[in-house]
Structures are given as C-alpha cells and as structure tokens.
Amino acid sequence: MQIEVLKSKIHRVTVTEADINYVGSITIDETLMEAANLIENEKVQVLDMNNGERFETYVIKGKRDSGVICLNGPAARKVLVGDIVVIISYCTMDFEEAKTFKPTVIFPENNRVGK
C-alpha cells in the first residue's frame, strides 16, 4: 500500500513579493530550498497564516541568501506582502517505509536559515 506523507516543510516565512504578471509559481530563496529538501518545479502547498488560504503551486529557485518568498501569477492574488506562510511538500511511499520516514522541517528566522 502507498500513502502520501509530509516530505518537506518551511514553517512560517514572510511573503516578500507578489507578482501577478508572472506565469505562476512560488519563488523561494535557494538556501531555504536546500535546507528544506525542495527542488525546482516541485509541487508545494502554501498555507497563508493571515487569511487561511491554502493552495498548490510549484517552486522556482530564488536568489541564494536573499530571503525571497514571492508568489507569482494567480497565487499572488491569494496573499499580501508581509503575510506569514507555511510551505509544504508531500511524497508517496510504501506504508511500512512511511512509519520510519523523517520529513525535513525547517524553522527560518527572518526568512533565513540559522547558522
């Protein structure tokens, strides 16, 4: 049996930009992506702590160490700059493997990974 489980989570980062004129997606600082085990074009769920919105999009790599969290295209209508969001990805795996799998969860401060 296969089940879907949490793979990666960036907990509580601040939206720095919203670009309605872009094709679509979420731009994430490359350092945050690496720390959270996310790759470019990976499907993610975005949860806005300020307004309760939950939506799916895909990841675009942002400038390393910039702290950028930019919602692009239609997703830009669901957030405001300054909103706090949680970014989550899931993976599918065997039920038994999932029992011992440990997701990557990061808790950035000011959109930066602690050193």
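If you're matching positions, the sequence shown starts at -18 in the numbering used here and goes up one per residue.
For every residue, glycine included, the Cβ atom is placed at its ideal position computed from N, Cα and C.
Go ahead and label Asp29 buried or exposed: buried means 16 or more other beta carbons lie within 10 angstroms of its beta carbon, across all protein chains shown. When all chains shown are included, Asp29 counts as buried.
Own chain residues within Cβ distance below 8 angstroms of Arg(-7), not counting five before or after: Met30, Ile65, Val66, Val67, Phe88, Pro89
Count the other C-beta atoms from every protein chain shown that fall within 10 angstroms of the C-beta of Leu61, then say buried if there are 16 or more, exposed otherwise. exposed
Measure the beta-carbon distance from Ser70 to Lys24 and round it to whole angstroms, keeping in mind my assumption that it falls under 8 angstroms. 7 angstroms
Please classify Ile(-9) as buried or exposed, where buried requires at least 16 other C-beta atoms within 10 Å of its C-beta. Buried: at least 16 other Cβ atoms inside 10 Å.
Apply the 10 Å Cβ neighbour rule to Thr81 and answer buried if 16 or more other Cβ atoms are within range, or exposed otherwise. By the neighbour-count rule (16 or more Cβ atoms within 10 Å), Thr81 is not buried but exposed.
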